[in-house]
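Going line by line, the protein sequences match chains A and B. Under this note's numbering, the very last position in the first sequence is 468; numbers go up by exactly one each time. Under this note's numbering, the very last position in the second sequence is 468; numbers go up by exactly one each time. We put the CB at the ideal spot given by N, CA and C, even for glycine. These figures come from a predicted structure and were not determined experimentally. Below you'll find the structure, written out as C-alpha cells, and then a few comments.
2 protein chains.
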Amino acid sequence: MKRRIKPSPENRARLNEISGFIISRIEHQAIARGLSLKAMLVGSAARGTWLAGDHDLDIFLGVTEDTPLEAALEIARLVAPEHEEKYAEHPYVHARVDGFEVDLVPCYLVEDASQLKSAVDRTPFHTKYIVCRITGLEDEVLLLKQFMKGIGVYGSELKVGGFSGYLVELLVLSYGSFSGVLQAATRWKPGQLIDLERHAKKAHDEPLVVVDPVDPERNVAAALTMDKMFQFVVAARAFLAKPSLDFFFPTPPKALSDEELLEQITIRGSSLILVEFQSPPVVEDVLFPQLRKAEESVKALWERNGFRVLRSEVGRYSDRAMLLFELEVWELSLASRRIGPPVWEAEHLSRFLAAHPQPLSGPYIAEGRAVVELPRKYARAEDLLANELVNLSLGKHLSLAIRDGHNIYVGPELLRIEDEAFRLFMACYFRAGGARSDQDHWKHLQ
Amino acid sequence: MKRRIKPSPENRARLNEISGFIISRIEHQAIARGLSLKAMLVGSAARGTWLAGDHDLDIFLGVTEDTPLEAALEIARLVAPEHEEKYAEHPYVHARVDGFEVDLVPCYLVEDASQLKSAVDRTPFHTKYIVCRITGLEDEVLLLKQFMKGIGVYGSELKVGGFSGYLVELLVLSYGSFSGVLQAATRWKPGQLIDLERHAKKAHDEPLVVVDPVDPERNVAAALTMDKMFQFVVAARAFLAKPSLDFFFPTPPKALSDEELLEQITIRGSSLILVEFQSPPVVEDVLFPQLRKAEESVKALWERNGFRVLRSEVGRYSDRAMLLFELEVWELSLASRRIGPPVWEAEHLSRFLAAHPQPLSGPYIAEGRAVVELPRKYARAEDLLANELVNLSLGKHLSLAIRDGHNIYVGPELLRIEDEAFRLFMACYFRAGGARSDQDHWKHLQ
Numbered sequence: 023m024k025r026r027i028k029p030s031p032e033n034r035a036r037l038n039e040i041s042g043f044i045i046s047r048i049e050h051q052a053i054a055r056g057l058s059l060k061a062m063l064v065g066s067a068a069r070g071t072w073l074a075g076d077h078d079l080d081i082f083l084g085v086t087e088d089t090p091l092e093a094a095l096e097i098a099r100l101v102a103p104e105h106e107e108k109y110a111e112h113p114y115v116h117a118r119v120d121g122f123e124v125d126l127v128p129c130y131l132v133e134d135a136s137q138l139k140s141a142v143d144r145t146p147f148h149t150k151y152i153v154c155r156i157t158g159l160e161d162e163v164l165l166l167k168q169f170m171k172g173i174g175v176y177g178s179e180l181k182v183g184g185f186s187g188y189l190v191e192l193l194v195l196s197y198g199s200f201s202g203v204l205q206a207a208t209r210w211k212p213g214q215l216i217d218l219e220r221h222a223k224k225a226h227d228e229p230l231v232v233v234d235p236v237d238p239e240r241n242v243a244a245a246l247t248m249d250k251m252f253q254f255v256v257a258a259r260a261f262l263a264k265p266s267l268d269f270f271f272p273t274p275p276k277a278l279s280d281e282e283l284l285e286q287i288t289i290r291g292s293s294l295i296l297v298e299f300q301s302p303p304v305v306e307d308v309l310f311p312q313l314r315k316a317e318e319s320v321k322a323l324w325e326r327n328g329f330r331v332l333r334s335e336v337g338r339y340s341d342r343a344m345l346l347f348e349l350e351v352w353e354l355s356l357a358s359r360r361i362g363p364p365v366w367e368a369e370h371l372s373r374f375l376a377a378h379p380q381p382l383s384g385p386y387i388a389e390g391r392a393v394v395e396l397p398r399k400y401a402r403a404e405d406l407l408a409n410e411l412v413n414l415s416l417g418k419h420l421s422l423a424i425r426d427g428h429n430i431y432v433g434p435e436l437l438r439i440e441d442e443a444f445r446l447f448m449a450c451y452f453r454a455g456g457a458r459s460d461q462d463h464w465k466h467l468q
Numbered sequence: 023m024k025r026r027i028k029p030s031p032e033n034r035a036r037l038n039e040i041s042g043f044i045i046s047r048i049e050h051q052a053i054a055r056g057l058s059l060k061a062m063l064v065g066s067a068a069r070g071t072w073l074a075g076d077h078d079l080d081i082f083l084g085v086t087e088d089t090p091l092e093a094a095l096e097i098a099r100l101v102a103p104e105h106e107e108k109y110a111e112h113p114y115v116h117a118r119v120d121g122f123e124v125d126l127v128p129c130y131l132v133e134d135a136s137q138l139k140s141a142v143d144r145t146p147f148h149t150k151y152i153v154c155r156i157t158g159l160e161d162e163v164l165l166l167k168q169f170m171k172g173i174g175v176y177g178s179e180l181k182v183g184g185f186s187g188y189l190v191e192l193l194v195l196s197y198g199s200f201s202g203v204l205q206a207a208t209r210w211k212p213g214q215l216i217d218l219e220r221h222a223k224k225a226h227d228e229p230l231v232v233v234d235p236v237d238p239e240r241n242v243a244a245a246l247t248m249d250k251m252f253q254f255v256v257a258a259r260a261f262l263a264k265p266s267l268d269f270f271f272p273t274p275p276k277a278l279s280d281e282e283l284l285e286q287i288t289i290r291g292s293s294l295i296l297v298e299f300q301s302p303p304v305v306e307d308v309l310f311p312q313l314r315k316a317e318e319s320v321k322a323l324w325e326r327n328g329f330r331v332l333r334s335e336v337g338r339y340s341d342r343a344m345l346l347f348e349l350e351v352w353e354l355s356l357a358s359r360r361i362g363p364p365v366w367e368a369e370h371l372s373r374f375l376a377a378h379p380q381p382l383s384g385p386y387i388a389e390g391r392a393v394v395e396l397p398r399k400y401a402r403a404e405d406l407l408a409n410e411l412v413n414l415s416l417g418k419h420l421s422l423a424i425r426d427g428h429n430i431y432v433g434p435e436l437l438r439i440e441d442e443a444f445r446l447f448m449a450c451y452f453r454a455g456g457a458r459s460d461q462d463h464w465k466h467l468q
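Structure (C-alpha cells):
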C-alpha cells in the first residue's frame with residue numbers, strides 16, 4: 023500500500039535535484055540582474071506530502087513589494103525556455119522538465135499573511151505553517167489524499183469542487199491521523215467548523231469551514247461542494263465499516279460499447295439530449311463554471327416551458343465541450359393553457375382577449391380567470407432547445423463557441439460519437455458517481 | 023322575442039286548468055280522509071314567471087307539523103296513478119300529466135320561515151314573497167331567465183351550478199329590470215352582496231351572496247359557482263356592448279363527425295383519455311358531485327405521479343356516465359428519481375439504501391441527500407389509470423358502477439363511440455364553453 027502511494031527514495035532524490043537545479047538557475051539570473059528575489063519550493067513537494075505518481079513541482083519567485091512581478095516572470099521565461107504562459111490571478115510559467123510538471127509562479131514577499139497583494143502570496147505562508155508541523159504525519163496525509171483520489175473528491179479545481187492538498191494536511195493536523203479524519207468525518211454535518219488556531223474572524227456559510235491558520239478570515243474549504251464533502255463522509259463511514267484497498271484504487275469504469283450505450287438508453291426510457299461544440303481555449307477553472315451556467319440556463323428554459331429534466335452533466339472529451347441532459351418529460355401536448363386576468367378586471371380582460379383572437383379553445387373561465395388554449399410553439403424539448411439555445415444567457419467564451427457551431431444529439435444519435443473519452447463519460451453518467459465512483463461502497467452502509 | 027319566451031294565453035289557460043284540477047283532486051282526497059291539508063301551486067307557474075316551453079308544475083301538499091308527511095305522500099300517489107317516486111330531502115311524486123312535468127311535494131306548513139322542518143317548507147314562503155311583488159315585472163324575469171339559459175348559466179342543480187328561478191326573480195326585484203340586472207352585473211366582483219330586506223344575519227363566503235328575504239341566514243345563491251357567476255358577468259358586458267338575440271337563442275353546437283373528432287385530436291396534440299361506465303341509478307344531483315369527486319381523484323393520482331392534466335370534464339350520454347381527461351404530459355421516462363434522507367442522518371440513510379439495493383443509477387448525493395434512480399412502474403398515464411382506478415377513493419355509487427365494469431378509450435379510440443350525445447359533448451368540450459357556450463360573445467369585449 024505505502025509503496026503505491028509513497029514516492030520512492032529515487033524519485034524523491036530526483037525531485038530534489040530538479041527543484042534545486044531550477045532554484046539555483048533562478049537565483050543566478052536574479053543576481054545577474056541585481057534583483058532581490060527569493061525562489062522557493064512550495065506545495066506538497068516542499069512538505070513531503072506528494073503522492074507517488076504525482077509529478078507537480080511548484081516553485082514560487084518571490085519579489086519585494088516595490089518590484090514588478092513582470093521582472094520575476096521574465097526570469098521564469100528564461101529558466102524554462104520551452105514553456106507556456108498561463109494565467110490565474112497573474113501570469114505564470116508552466117514547463118515540463120525531465121518528466122515533472124513545473125509551475126514557476128511570481129509572487130510578492132509580504133511580512134505576514136494579512137498583507138497579501140494577491141492570492142498566490144499566501145502559498146509560502148501555507149508551506150511554512152505545514153512544514154514545521156507535519157513531520158511524522160506525512161504518510162497519513164498521503165493515505166488521505168489517495169483515499170480522496172480513489173473516491174473522486176480530491177482537488178479544489180472548480181471542475182471537481184473537492185478537497186485541496188492544503189485542506190487534507192490541515193485535516194490530518196486537526197485529527198492526528200488518516201483514520202482520525204475518517205472517524206471525525208462520520209459525524210460531520212453541514213456547517214462543520216474546524217479552527218486549528220482558534221482565531222476565526224468571520225462567519226462562513228459553506229458546508230465545511232476550515233479556518234486558515236495563516237488567515238483568520240479565510241475558509242480553506244470554500245471551494246468544497248456540499249456533495250463532494252458528503253461523498254467523503256459516506257465513503258469514510260463505508261471504509262470504517264469494511265476497509266478495503268478498493269477505496270484507494272477503485273477499478274476504473276470502462277468505456278461503453280455501442281450495445282451498452284443503446285441498452286442504457288432503452289432501459290432508462292428517457293430522452294438524452296447532448297449539446298457539443300469546440301471547447302473554447304480557456305483553462306478548466308474558467309470553462310467549467312461557464313458550462314455549469316449554461317447547463318442551468320438550458321434547464322431553466324425547459325422547466326419554464328413545461329418540460330422536466332431528470333439529471334444533467336457537463337464535461338469534455340478530446341477538443342470538445344458538452345452539456346448532457348436527460349429528460350423526464352420531453353413531449354407536451356400542442357394545446358397549452360394561457361391563463362388571463364380575473365374576468366372582473368374589464369380592461370385587463372379586453373387586452374387579453376384582443377391578444378388571443380383565435381384560440382384553439384375558449385376563452386372560458388376557470389377560478390374566476392379568463393383562460394384560452396393556444397397551440398404551443400415547441401411541443402418537443404429538442405425543438406425548443408435547437409431554436410432558443412443561442413438566445414440564452416451563456417458565459418462569454420461559451421456563447422462564442424456555441425454560436426460558432428454546435429451539434430445536438432438526441433437519444434440513439436449519441437451512438438454516432440465513438441470517442442473513447444465520451445463513452446467513458448457516459449459510463450460514469452449512467453453509474454451516477456462522478457469520474458471515479460464511490461458508489462460501490464454505499465452497500466456497506468445498509 | 024316576447025312571443026318566444028312568454029307562454030301563450032292558451033298555454034296559460036291549460037296550465038291553470040291542469041293545476042286547478044290536480045289541486046282540487048288533492049283537496050278532495052284530503053277531505054275524504056279528514057286530513058287538514060293545503061295544496062298549493064308554487065314555483066314559477068304560481069308566480070307567472072315560467073318560460074314558454076317549460077312545462078314544470080310544482081304543487082306542494084302542506085300539512086300541519088303534527089301530521090306525518092307520509093299521509094300527504096299517499097294522497098299524491100293516488101292523485102297521479104302513473105308516477106315515479108323520487109327523493110330529495112324527503113320522498114315526493116313525479117308524474118307526467120297532459121304534457122306537463124308535475125312534482126307533487128309533501129311539506130309542512132310552518133308559521134314562519136325560521137321554523138322550517140325541511141328545506142322544501144321554505145318554498146311556499148318564497149312564492150308568497152315573490153307573488154305580491156313581481157306584478158308588472160314578469161316579462162323582465164322571463165327575459166333574464168332566457169338570457170341565462172342561452173348562455174348556459176340557468177339552473178341551480180349541481181350539474182349546472184347556475185342561477186335558480188327564485189334567484190333570478192330576486193335579482194329583478196333588486197335592480198328593477200332585465201337591463202338593470204345586466205348593468206349591475208358588469209360591476210360584480212367575488213363577494214358581491216345583495217340584501218333586499220337588509221336583514222343579513224350571517225357571513226357567507228360564496229362569490230355571490232343574495233340574502234333570502236324570508237330567511238336572513240340563507241344565501242339564495244349558495245349553489246352558484248364562481249365560474250357560472252362570471253360567465254353571466256362576461257355575457258352581460260358583451261350583451262350591453264352589442265345586444266343580440268343570439269344570447270337568448272344561441273345556435274346549438276353540432277355533434278362532431280368522425281373527421282372532425284380526429285382533426286381536433288390531431289391539432290390539439292394531446293392525449294385524450296375517457297373513462298366511461300354504466301350510469302348508476304341515482305338523480306343527477308347525486309351523480310354529478312360523485313363524478314366531479316372521481317375527476318379530482320384521477321387528476322390527483324396523475325399529478326402525484328408526475329403526469330399533467332390540461333383540462334377535464336364529466337358528463338353523461340344515453341345510459342353511460344363518463345370522465346374525460348386531456349393530458350398535457352402523458353409519457354414519462356422509465357427512470358425516475360427517488361430522493362432519500364440527508365446523508366448525515368446515518369440510520370435513515372441505511373434504511374433508504376437497504377430499501378433500494380439495485381437502482382438503475384446511484385446512489386449519489388444531490389443537495390446533501392442520497393438519491394437513487396429507479397424504474398417507474400407506469401411510464402404512461404393510461405397504464406397508471408387502468409391499474410389504479412379501482413383503488414381510488416370514489417363516491418359510493420360511482421365506485422360500484424366502475425367496479426362493475428368500465429372502458430378506457432385513449433385518443434383516436436374515442437371514434438369508436440358513435441353516440442350523438444357523446445359527439446355533442448366532445449364538440450362542447452373542444453369549444454370549452456359548457457353545454458351552451460357563451461364564448462362567441464367574448465369577442466365583443468376586446
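Rounded C-alpha distance that separates residue i from residue j
{"i": "B:P90", "j": "B:L57", "result": "11 angstroms"}
{"i": "A:C154", "j": "A:F147", "result": "11 angstroms"}
{"i": "A:G75", "j": "B:Y400", "result": "50 angstroms"}
{"i": "B:T288", "j": "B:W352", "result": "15 angstroms"}
{"i": "A:P381", "j": "A:L375", "result": "10 angstroms"}
{"i": "A:D460", "j": "A:A257", "result": "Reliability of the predicted coordinates at A:D460 is poor, the pLDDT of 49 falling under 50, and no value is obtained from them."}
{"i": "B:L100", "j": "B:Y109", "result": "18 angstroms"}
{"i": "B:L346", "j": "B:K321", "result": "11 angstroms"}
{"i": "B:H463", "j": "B:G384", "result": "56 angstroms"}
{"i": "A:R425", "j": "A:M344", "result": "14 angstroms"}
{"i": "B:L469", "j": "B:D78", "result": "Shown here, chain B extends from 23 to 468; a query on residue 469 of chain B therefore has no answer."}
Chain-order list of residues whose beta-carbon lies under 7 angstroms from that of residue i (same chain, five-residue window excluded)
{"i": "A:A457", "result": "Confidence in A:A457 is poor, its pLDDT being 40 and thus under 50, which makes the residue's placement unreliable; the coordinate value appears in the next sentence. If we look at A:A457 and ignore the five residues flanking it on each side, its Cβ neighbours are G174, C450."}
Residue range of the beta strand (DSSP E) that includes residue i
{"i": "A:K108", "result": "105 to 109"}
{"i": "A:D78", "result": "78 to 85"}
{"i": "B:E350", "result": "342 to 351"}
{"i": "B:I430", "result": "429 to 432"}
Endpoints, alpha helix (DSSP H) assigned at residue i
{"i": "B:E22", "result": "Any answer about residue 22 of chain B is impossible in this case: the structure gives chain B only from 23 up to 468."}
{"i": "B:S372", "result": "368 to 377"}
{"i": "A:P31", "result": "31 to 54"}
Proximal residues to residue i (C-beta, below 6 angstroms), its chain only, five neighbours per side dropped
{"i": "B:T149", "result": "V64, A68"}
{"i": "B:D234", "result": "R240, V242"}
{"i": "A:R360", "result": "V394, L396"}
Any C-beta of chain A under 7 angstroms from that of residue i
{"i": "B:H463", "result": "no"}
{"i": "B:A454", "result": "yes"}
{"i": "B:S383", "result": "yes"}
Amino acids of chain B, ordered along the chain, whose beta-carbon sits closer than 7 angstroms to that of residue i
{"i": "A:L375", "result": "W464, L467, Q468"}
{"i": "A:G291", "result": "S355, L356, A357, A401"}
{"i": "A:W210", "result": "W366"}
Contacts that residue i makes with chain B (C-beta to C-beta distance below 8 angstroms)
{"i": "A:G328", "result": "R330, E350, V351"}
7 angstroms Cβ cutoff, residue i in contact with chain B
{"i": "A:M448", "result": "no"}
{"i": "A:V365", "result": "yes"}
{"i": "A:D134", "result": "no"}
Proximal chain B residues relative to residue i, where beta-carbon distance stays under 9 angstroms
{"i": "A:P274", "result": "Those do not exist, as A:P274 stays about 18 angstroms from chain B at its closest Cβ, beyond 9 angstroms."}
{"i": "A:E395", "result": "R290, L332, R333, A454"}
Spatial neighbours of residue i in its chain, beta-carbon cut-off 8 angstroms, leaving aside the 5 residues before and after
{"i": "A:R314", "result": "V336"}
7 angstroms Cβ cut-off: residues of chain A touching residue i
{"i": "B:L371", "result": "L467"}
Neighbour list for residue i in chain A, Cβ cutoff strictly below 8 angstroms
{"i": "B:I216", "result": "Going along chain A, no residue has its Cβ under 8 angstroms from B:I216, so there is no contact; the nearest lies around 16 angstroms."}
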